[in-house]
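Chemist: After the structure tokens below, expect a handful of questions from me.
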Amino acid sequence: MDRFRFSIGAAVAASCLGCFAMIATAQEPAGVIEYRQAVMSAQAGHMGALARIVRGEADFPEDVPAHARALHDLADMILPAFPEGSLEGAETDALPAIWEDWEGFSASVEEFRTATAALVAAADGGDAAAVGAAFGEVGNGCRSCHDDFRAE
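In structure tokens:
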């Protein structure tokens, strides 16, 4: 009898694990789009904060390294946030060109990632002029991708 209960318990546990695994791997297109938009909004927030510091509108130079690192970390989240089939399911500004020219999109994201790495290095160095120049390159990376792969 104890073996029977153990077998049933093991079968139920295995079934539950299988269901959870299917749920974890299944992605709703709307959820993916909303996740992607949250990542982009986070980037915009860090860019906005840094812009105010770089322009001298806000005196928080001690926060520059944290914003730079956050942007660099978020850069690593961009490509996975654009899986095939995530163009429809919710309102999005993503253009089909992303998936039609995945190589070009990937290259653009890598340029942004490289620019954010340079921003981190400049921020860690503490030179305001270097931070300003690196920040400009990060902005160019954003613009370049948005020009080709985002609806206006």
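Residue numbers (this note's numbering): 2 to 153. The beta-carbon is built from N, C-alpha and C at its ideal position, and this holds for glycine as well. Note that the structure is a prediction, hence the values are computed from the model and not measured.
Output the distance between the C-alpha atoms of Met78 and Val40, rounded to the nearest integer angstrom.
Modeler: C-alpha separation (whole angstroms): 7 Å.
Chemist: For Ala152, which three-state DSSP category applies?
Modeler: coil
Chemist: Please tell me whether Ala45 and Arg53 are closer than 8 Å, where the distance is taken between their beta carbons.
Modeler: no
Chemist: So His68 and Ala50 are supposed to be a Cβ contact under 8 Å. How far apart are they, rounded?
Modeler: That pair is a contact at about 6 Å.
Chemist: If you measure between the beta carbons of Val132 and Ala119, is that distance less than 8 Å?
Modeler: no
Chemist: Which of helix, strand or coil does DSSP assign to Ala59?
Modeler: coil
Chemist: Could you check the C-alpha separation between Ser145 and Arg56 for me, to the nearest Å?
Modeler: 22 Å
Chemist: For Ala52, which of helix, strand or coil comes out of DSSP?
Modeler: helix
Chemist: On the premise that Ala116 lies in contact with Glu138, defined as a C-beta separation below 8 Å, what is that separation, rounded to the nearest angstrom?
Modeler: About 4 Å; that satisfies the 8 Å criterion.
Chemist: May I ask you to list the residues that DSSP assigns as paired with Ala95?
Modeler: For Ala95, the pairing in a beta bridge is given by DSSP as Arg151.
Chemist: Thinking C-alpha only, which one of Glu35, Ala43, Ala108 is nearest Leu80?
Modeler: Restricting attention to Glu35, Ala43, Ala108, the CA atom closest to the CA of Leu80 is found in Ala108.
Chemist: State the start and end residues of the unbroken alpha helix (DSSP H) segment that holds Pro66.
Modeler: Counting along the chain, the unbroken alpha helix (DSSP H) around Pro66 starts and ends at 65–76.
Chemist: If you reduce the DSSP assignment to three classes, tell me which class Leu88 lands in.
Modeler: coil
Chemist: Would you kindly report the start and end of the unbroken alpha helix (DSSP H) that includes Gly105?
Modeler: 103–126
Chemist: Compare the Cα-Cα distances from Asn141 to each of Glu101, Tyr36, Glu111 and report the closest residue.
Modeler: Glu111
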